[in-house]
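In our numbering, each residue's number is its place in the sequence shown (first place is 1) plus 111. Data first, discussion second: the structure below is written as C-alpha coordinates.
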Amino acid sequence: MGTPADALPYWQVNVPPHERTATCPDFLVNVSPKDRGILSTPDSQYTPDTWASAQHKVASNQLNLFQRTPSELRLYLAFAWAIKRDYGSVLDFILTQRLRWAAPVVPRSSIPFACEDEDVKVLRNDWPYGVDKRIVHLVVWTKFELEEDPATGDLADGARRAIEAYVRRTFAERGVAEDRVIWFKNWRSLKSVQAVEHFHVMLFDPDPEFVREVTHGDVAMCDRAEKWDDAQGAV
(Lines of atoms letter the chains of each structure in order from A and count residues from 1; the text may use other names and numbers.)
(Lines give C-alpha, C1' and ligand atoms only; values in the text may rest on other atoms or scores of the structure.)
Protein backbone atom coordinates (compact mmCIF):
# COMPACT_ATOMS: atom_id res chain seq x y z
CA MET A 1 0.00 0.00 0.00
CA GLY A 2 1.18 3.52 -0.69
CA THR A 3 1.65 6.28 1.80
CA PRO A 4 -1.14 8.81 2.45
CA ALA A 5 0.80 11.29 0.32
CA ASP A 6 0.41 8.97 -2.69
CA ALA A 7 -3.32 9.73 -2.77
CA LEU A 8 -2.81 13.51 -2.62
CA PRO A 9 -2.07 15.85 -5.51
CA TYR A 10 1.40 17.36 -5.16
CA TRP A 11 0.12 20.76 -4.01
CA GLN A 12 -1.61 19.21 -0.97
CA VAL A 13 1.35 17.22 0.39
CA ASN A 14 2.85 18.63 3.62
CA VAL A 15 -0.17 20.92 3.99
CA PRO A 16 -2.50 20.58 7.01
CA PRO A 17 -5.91 19.20 5.94
CA HIS A 18 -7.77 22.40 6.81
CA GLU A 19 -5.41 24.45 4.58
CA ARG A 20 -5.58 22.23 1.48
CA THR A 21 -7.15 23.63 -1.67
CA ALA A 22 -9.05 21.64 -4.26
CA THR A 23 -7.30 23.41 -7.11
CA CYS A 24 -3.59 24.02 -7.52
CA PRO A 25 -2.42 27.45 -6.26
CA ASP A 26 -1.16 29.75 -9.00
CA PHE A 27 2.41 29.68 -7.71
CA LEU A 28 2.59 25.89 -8.16
CA VAL A 29 0.86 25.52 -11.53
CA ASN A 30 3.94 25.56 -13.78
CA VAL A 31 6.57 23.94 -11.57
CA SER A 32 9.25 21.77 -13.15
CA PRO A 33 9.01 17.96 -13.05
CA LYS A 34 11.88 17.95 -10.53
CA ASP A 35 10.09 20.39 -8.21
CA ARG A 36 6.82 18.51 -8.59
CA GLY A 37 8.57 15.34 -7.45
CA ILE A 38 10.03 17.11 -4.42
CA LEU A 39 6.70 18.71 -3.52
CA SER A 40 5.06 15.28 -3.69
CA THR A 41 7.43 13.94 -1.02
CA PRO A 42 6.38 14.06 2.66
CA ASP A 43 8.89 15.96 4.80
CA SER A 44 9.19 12.85 6.96
CA GLN A 45 10.72 11.00 4.01
CA TYR A 46 13.31 13.67 3.23
CA THR A 47 16.90 13.09 4.37
CA PRO A 48 18.95 16.29 4.83
CA ASP A 49 22.46 16.41 3.40
CA THR A 50 25.22 15.73 5.90
CA TRP A 51 28.43 17.76 5.73
CA ALA A 52 30.11 14.79 4.05
CA SER A 53 27.41 14.49 1.38
CA ALA A 54 27.48 18.25 0.74
CA GLN A 55 31.26 18.08 0.32
CA HIS A 56 30.87 15.18 -2.10
CA LYS A 57 28.30 16.98 -4.25
CA VAL A 58 30.57 20.00 -4.54
CA ALA A 59 33.75 17.99 -5.16
CA SER A 60 32.04 15.91 -7.86
CA ASN A 61 30.27 18.96 -9.36
CA GLN A 62 26.86 17.34 -8.87
CA LEU A 63 25.32 20.66 -7.88
CA ASN A 64 21.98 19.71 -9.43
CA LEU A 65 21.51 17.19 -6.61
CA PHE A 66 21.16 19.91 -4.00
CA GLN A 67 17.51 20.55 -3.17
CA ARG A 68 15.32 22.16 -0.55
CA THR A 69 13.13 20.23 1.85
CA PRO A 70 9.64 19.77 0.35
CA SER A 71 7.87 22.21 2.66
CA GLU A 72 10.65 24.81 2.33
CA LEU A 73 10.51 24.47 -1.45
CA ARG A 74 6.79 25.21 -1.30
CA LEU A 75 7.43 28.32 0.80
CA TYR A 76 10.24 29.39 -1.52
CA LEU A 77 8.01 29.08 -4.60
CA ALA A 78 5.20 30.98 -2.86
CA PHE A 79 7.59 33.71 -1.80
CA ALA A 80 9.19 34.00 -5.25
CA TRP A 81 5.74 34.24 -6.83
CA ALA A 82 4.75 37.04 -4.42
CA ILE A 83 8.03 38.86 -5.04
CA LYS A 84 7.47 38.83 -8.81
CA ARG A 85 3.94 40.11 -8.25
CA ASP A 86 5.00 42.93 -5.92
CA TYR A 87 8.43 43.91 -7.31
CA GLY A 88 8.20 42.85 -10.95
CA SER A 89 11.05 40.35 -10.69
CA VAL A 90 13.22 38.51 -8.19
CA LEU A 91 16.16 40.55 -9.52
CA ASP A 92 14.52 43.85 -8.57
CA PHE A 93 13.81 42.54 -5.09
CA ILE A 94 17.39 41.28 -4.64
CA LEU A 95 18.87 44.59 -5.80
CA THR A 96 16.58 46.94 -3.88
CA GLN A 97 15.80 45.00 -0.71
CA ARG A 98 18.73 42.67 -0.13
CA LEU A 99 21.83 44.12 -1.78
CA ARG A 100 20.79 47.78 -1.81
CA TRP A 101 22.66 48.19 -5.08
CA ALA A 102 21.55 50.59 -7.79
CA ALA A 103 20.78 49.34 -11.27
CA PRO A 104 22.62 48.95 -13.53
CA VAL A 105 25.19 47.22 -11.35
CA VAL A 106 28.62 48.71 -12.07
CA PRO A 107 31.72 47.56 -10.16
CA ARG A 108 34.23 50.00 -8.72
CA SER A 109 36.88 47.72 -10.24
CA SER A 110 36.56 45.09 -12.93
CA ILE A 111 39.36 43.15 -11.23
CA PRO A 112 37.70 40.51 -9.04
CA PHE A 113 37.81 41.35 -5.31
CA ALA A 114 40.01 44.45 -5.81
CA CYS A 115 37.42 46.64 -4.01
CA GLU A 116 35.67 44.24 -1.66
CA ASP A 117 34.00 46.91 0.48
CA GLU A 118 32.06 48.26 -2.50
CA ASP A 119 31.89 45.38 -4.93
CA VAL A 120 31.23 42.36 -2.68
CA LYS A 121 28.46 41.56 -0.21
CA VAL A 122 28.05 38.39 1.85
CA LEU A 123 24.48 37.49 2.83
CA ARG A 124 22.75 34.44 4.18
CA ASN A 125 21.05 32.31 1.56
CA ASP A 126 17.40 33.33 1.82
CA TRP A 127 16.15 29.81 1.08
CA PRO A 128 19.00 27.36 1.80
CA TYR A 129 19.11 23.77 0.66
CA GLY A 130 17.93 20.95 2.89
CA VAL A 131 21.11 20.27 4.85
CA ASP A 132 22.27 19.46 8.37
CA LYS A 133 21.12 22.29 10.67
CA ARG A 134 24.74 22.93 11.63
CA ILE A 135 25.60 23.95 8.08
CA VAL A 136 25.39 27.69 7.40
CA HIS A 137 24.70 28.55 3.75
CA LEU A 138 25.95 31.95 2.58
CA VAL A 139 25.86 33.70 -0.79
CA VAL A 140 28.68 35.98 -1.92
CA TRP A 141 27.30 38.58 -4.34
CA THR A 142 29.68 40.50 -6.60
CA LYS A 143 29.27 43.53 -8.84
CA PHE A 144 31.99 42.22 -11.15
CA GLU A 145 31.70 39.25 -13.47
CA LEU A 146 33.36 35.94 -12.77
CA GLU A 147 34.64 34.75 -16.11
CA GLU A 148 33.41 31.44 -17.44
CA ASP A 149 35.06 29.09 -19.92
CA PRO A 150 32.84 29.39 -23.03
CA ALA A 151 33.65 25.82 -24.02
CA THR A 152 32.48 24.22 -20.76
CA GLY A 153 30.33 26.84 -19.03
CA ASP A 154 32.42 26.28 -15.91
CA LEU A 155 34.51 28.95 -14.20
CA ALA A 156 37.64 30.07 -16.01
CA ASP A 157 40.87 29.20 -14.20
CA GLY A 158 41.60 32.81 -13.28
CA ALA A 159 38.16 33.35 -11.75
CA ARG A 160 38.44 30.10 -9.82
CA ARG A 161 41.80 31.14 -8.35
CA ALA A 162 40.39 34.55 -7.40
CA ILE A 163 37.43 32.96 -5.59
CA GLU A 164 39.64 30.44 -3.80
CA ALA A 165 41.92 33.24 -2.57
CA TYR A 166 38.90 35.26 -1.38
CA VAL A 167 37.37 32.29 0.43
CA ARG A 168 40.69 31.48 2.06
CA ARG A 169 41.28 34.99 3.45
CA THR A 170 37.63 35.65 4.33
CA PHE A 171 36.92 32.37 6.09
CA ALA A 172 39.90 30.04 6.56
CA GLU A 173 42.32 32.77 7.65
CA ARG A 174 39.76 34.13 10.10
CA GLY A 175 39.36 30.99 12.14
CA VAL A 176 37.20 28.62 10.10
CA ALA A 177 39.00 25.31 9.55
CA GLU A 178 39.64 24.60 5.87
CA ASP A 179 37.81 21.27 6.07
CA ARG A 180 34.73 23.15 7.30
CA VAL A 181 34.46 25.46 4.29
CA ILE A 182 33.23 24.63 0.79
CA TRP A 183 32.25 26.91 -2.05
CA PHE A 184 30.61 26.45 -5.43
CA LYS A 185 29.19 28.49 -8.27
CA ASN A 186 26.01 27.14 -9.80
CA TRP A 187 25.93 26.38 -13.48
CA ARG A 188 24.00 29.01 -15.39
CA SER A 189 21.06 26.61 -15.84
CA LEU A 190 20.74 26.20 -12.05
CA LYS A 191 20.86 29.88 -11.09
CA SER A 192 17.68 31.35 -9.65
CA VAL A 193 19.06 34.89 -10.13
CA GLN A 194 20.88 35.17 -13.45
CA ALA A 195 21.67 38.88 -13.74
CA VAL A 196 23.73 39.43 -10.58
CA GLU A 197 26.94 37.45 -10.18
CA HIS A 198 27.20 35.27 -7.10
CA PHE A 199 28.61 32.08 -5.67
CA HIS A 200 27.81 29.95 -2.63
CA VAL A 201 29.76 29.23 0.55
CA MET A 202 28.84 26.59 3.12
CA LEU A 203 30.36 26.53 6.61
CA PHE A 204 30.07 23.61 8.99
CA ASP A 205 29.12 24.57 12.55
CA PRO A 206 30.78 28.02 12.51
CA ASP A 207 30.88 30.46 15.42
CA PRO A 208 27.55 32.37 15.22
CA GLU A 209 29.35 35.61 16.07
CA PHE A 210 31.67 35.15 13.10
CA VAL A 211 28.67 34.60 10.81
CA ARG A 212 27.04 37.78 12.14
CA GLU A 213 30.29 39.65 11.53
CA VAL A 214 30.88 38.47 7.97
CA THR A 215 27.21 39.04 6.97
CA HIS A 216 26.88 42.29 8.94
CA GLY A 217 24.04 40.77 10.92
CA ASP A 218 22.01 39.66 7.92
CA VAL A 219 18.88 37.57 8.50
CA ALA A 220 17.68 35.21 5.77
CA MET A 221 14.20 35.80 4.40
CA CYS A 222 13.17 32.30 5.48
CA ASP A 223 13.80 33.37 9.09
CA ARG A 224 11.94 36.69 8.94
CA ALA A 225 8.39 37.11 10.17
CA GLU A 226 7.30 39.03 7.08
CA LYS A 227 7.94 36.01 4.87
CA TRP A 228 4.67 34.57 6.13
CA ASP A 229 2.74 37.66 5.04
CA ASP A 230 4.27 37.61 1.55
CA ALA A 231 3.91 33.87 1.12
CA GLN A 232 0.37 33.89 2.48
CA GLY A 233 -0.66 36.23 -0.31
CA ALA A 234 0.35 33.60 -2.83
CA VAL A 235 -1.02 30.50 -1.13
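Heads up, the beta-carbon is just placed ideally off N, CA and C, and yes, glycines get one too. Only a predicted model underlies this, so the values are computations on that prediction, with no experimental measurement involved.
Could you spell out the range, first to last residue, of the beta strand (DSSP E) harbouring residue i?
i           : result
residue 298 : Per DSSP, residue 298 belongs to no beta strand (DSSP E) and is neither H nor E.
residue 231 : 231 to 235
Taking just the CA atoms, how far does residue j sit from residue i?
i           : j           : result
residue 192 : residue 136 : 11 Å
residue 131 : residue 118 : 13 Å
residue 169 : residue 296 : 9 Å
residue 167 : residue 174 : 10 Å
residue 240 : residue 176 : 10 Å
residue 307 : residue 200 : 13 Å
residue 121 : residue 284 : 46 Å
residue 265 : residue 156 : 33 Å
residue 261 : residue 267 : 9 Å
residue 246 : residue 196 : 32 Å
residue 207 : residue 129 : 36 Å
residue 194 : residue 333 : 13 Å
residue 233 : residue 212 : 13 Å
residue 327 : residue 250 : 13 Å
Can you round the beta-carbon distance between residue i and residue j to whole angstroms, since I take them to be within the 8 Å contact cut?
i           : j           : result
residue 181 : residue 152 : 5 Å
residue 238 : residue 210 : About 16 Å; that fails the 8 Å criterion.
residue 254 : residue 223 : That pair is no contact at about 10 Å.
residue 310 : residue 294 : 6 Å
residue 146 : residue 202 : About 20 Å; that fails the 8 Å criterion.
Would you identify the three-state DSSP class for residue i, choosing helix, strand or coil?
i           : result
residue 268 : helix
residue 119 : coil
residue 242 : strand
residue 211 : coil
residue 219 : coil
residue 251 : strand
residue 256 : coil
residue 175 : helix
residue 322 : helix
residue 128 : helix
residue 333 : helix
residue 224 : coil
From what residue to what residue does the alpha helix (DSSP H) around residue i run?
i           : result
residue 327 : Residue 327 -> no alpha helix (DSSP H), and no H or E assigned at all.
residue 185 : 181 to 198
residue 162 : 162 to 170
residue 310 : Run containing residue 310: none in the alpha helix (DSSP H); it sits in the beta strand (DSSP E), 308 to 315.
residue 145 : 144 to 150
residue 201 : 201 to 204
Pick out whichever of the options has its Cα sitting closest to the Cα of residue i.
i           : options               : result
residue 138 : 159, 318 and 190      : 190
residue 256 : 216, 289, 203 and 318 : 216
residue 227 : 196, 148, 273 and 298 : 273
residue 317 : 311, 282, 222 and 333 : 282
residue 313 : 298, 242 and 334      : 242
residue 270 : 264, 278 and 259      : 259
residue 330 : 245, 125, 235 and 276 : 235
residue 163 : 248, 291 and 127      : 291
residue 186 : 245, 124 and 320      : 124
residue 248 : 229, 325, 195 and 194 : 325
residue 221 : 230, 213 and 214      : 230
residue 179 : 286, 154, 233 and 232 : 154
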